[in-house]
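**Student:** So the mapping is simple: our numbering equals the position in the sequence shown, first residue as 1, plus 37. Handing you a structure now.
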Amino acid sequence: MNANHRSIQVRLLYVSHAVGPQTTTMTTSILLQAQAHNPSQGITGVLCQGQGFFFQVLEGERGRVNTLYRRICADKRHQDVVLLHYEEITKRQFGQWSMALVHLSVDDPKVKMQHPDFDPYSASGAQVMQQVRDLLAAGQEISITTP
Ligand SMILES: Cc1cc2nc3c(=O)[nH]c(=O)nc-3n(C[C@H](O)[C@H](O)[C@H](O)COP(=O)(O)O)c2cc1C
């Protein structure tokens with residue numbers, strides 16, 4: 038590995054199914070882990086959760102994003118992790134959050150309008166990525182406080 042490998046930045050998007058109910062306790066614990074770990078790794082992104090799904094966008098240096106993704110894949114709180122999108126980037130789109138949280142609800146007009154049969158497993162990566170951007174733009178970001 039040469040010194041340049043650190044400068045390659047990537048954006049990754051996956052979808053998964055939660056194991057068991059998506060309680061506030063579970064979400065808070067995931068977010069606390071993300072917020073404790075991601076800043077030191079230069080990783081930013083957004084976690085969307087609801088309706089039994091997680092989608093998460095991770096941005097950062099390639100090796101670090103890959104290492105975190107492998108750890109997340111092995112996490113027993115979710116399963117059926119499917120990589121939907123992966124690209125090299127020069128500019129982050131989710132750079133302001135060590136990990137933003139967005140709640141997904143089928144009652145959400147954006148979710149309904151764009152995905153009447155809401156199923157991220159059959160949507161294209163580009164569609165899901167757009168949905169994440171739309172949810173953030175619609176001000177769906179939630180800040181979680183420790184219970
Ligand atoms: C849906 C989901 C998203 C996660 N996102 C992150 C993340 O962005 N950063 C992180 O460090 N851990 C994340 N985790 C937790 C990791 O899988 C793992 O449990 C954690 O990093 C272990 O950290 P610790 O052993 O230092 O507590 C996530 C877990 C799940 C289920």
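Note that beta-carbon positions come from the ideal geometry of N, C-alpha and C, so glycine has one too.
Let me make sure I understand the geometry here. Which of 88, 133 and 125 has the alpha-carbon closest to that of residue 187?
**Tutor:** What the structure shows of the chain is the stretch from 38 to 184, and residue 187 is not part of that stretch, so it cannot be assessed.
**Student:** Report the residue ranges of all alpha helix (DSSP H) runs contained in full by the segment 68-96; include only those spanning at least 4 residues, in chain order.
**Tutor:** The segment 68-96 contains no whole alpha helix (DSSP H) run of 4 or more residues.
**Student:** Is the distance from the Cβ of residue 76 to the Cβ of residue 161 below 8 Å?
**Tutor:** The residue you call residue 76 lines up with position 39 of the sequence shown. The residue you call residue 161 lines up with position 124 of the sequence shown. In this structure, residue 161 does not lie closer than 8 Å to residue 76 by Cβ.
**Student:** Does residue 167 get closer than 8 Å to chain C when you measure Cβ to Cβ?
**Tutor:** Checking the listed chains, one finds no chain C in this structure; it contains a single protein chain.
**Student:** How many angstroms separate the CA atom of residue 53 from the CA atom of residue 46?
**Tutor:** Indexing the sequence shown from 1 puts residue 53 at position 16. Indexing the sequence shown from 1 puts residue 46 at position 9. So the two alpha carbons sit approximately 23 Å from each other.
**Student:** What separation, rounded to the nearest whole angstrom, lies between the Cα atoms of residue 115 and residue 95?
**Tutor:** Locating residue 115 in the sequence shown gives position 78, counting from the first residue. Locating residue 95 in the sequence shown gives position 58, counting from the first residue. Roughly 17 Å separates the two Cα atoms.
**Student:** DSSP state of residue 141, grouped into three classes?
**Tutor:** Along the sequence shown, read from residue 1 onward, the residue named residue 141 stands at position 104. Of the three classes helix, strand and coil, the one that applies to residue 141 here is coil, per DSSP.
**Student:** Find the nearest neighbour of residue 110 within the set 133, 55, 60 and 44, judged by alpha-carbon distance.
**Tutor:** The sequence position of residue 110 within the sequence shown is 73, counting from 1. That would be 55, whose Cα lies nearest to the Cα of residue 110.
**Student:** Let me check one thing: in DSSP terms, what residues is residue 53 bridge-paired to?
**Tutor:** Within the sequence shown, numbered from 1, the residue matching residue 53 stands at position 16. For residue 53, which the question treats as bridged, DSSP gives the partners 91.
**Student:** For residue 81, does the count of other Cβ atoms within 10 angstroms reach 16, so buried, or fall short, so exposed?
**Tutor:** To locate residue 81, count along the sequence shown from 1; it is residue 44. The residue in question, residue 81, is buried, as its Cβ has 16 or more Cβ neighbours within 10 Å.
**Student:** Under 8 Å by Cβ, that's how I've got residue 84 and residue 93 pegged, so tell me the actual separation to the nearest angstrom.
**Tutor:** Here residue 84 is taken as the residue at index 47 of the sequence shown, counted from 1. Here residue 93 is taken as the residue at index 56 of the sequence shown, counted from 1. So it is a contact: roughly 5 Å between Cβ atoms.
**Student:** Is the separation between the beta-carbon of residue 86 and that of residue 140 shorter than 8 Å?
**Tutor:** Translated into positions along the sequence shown, residue 86 becomes position 49. Translated into positions along the sequence shown, residue 140 becomes position 103. Closer than 8 Å, so yes.
**Student:** Classify residue 158 as helix, strand or coil using the three-state DSSP reduction.
**Tutor:** Here the question's residue 158 lines up with position 121 in the sequence shown. Three-state result, residue 158: coil.
**Student:** With C-beta atoms as the reference, is residue 138 less than 8 Å away from residue 64?
**Tutor:** Position 101 of the sequence shown, counted from the first residue, corresponds to residue 138. Position 27 of the sequence shown, counted from the first residue, corresponds to residue 64. In contact: residue 138 and residue 64 (Cβ atoms closer than 8 Å).
**Student:** Apart from the five residues on each side of it in sequence, which residues of its chain come closer than 8 Å, Cβ to Cβ, to residue 165?
**Tutor:** For the purposes of this step, residue 165 is identified with residue 128 of the sequence shown, where counting begins at 1. Hits under 8 Å: 50, 52, 92, 121, 122 and 157.
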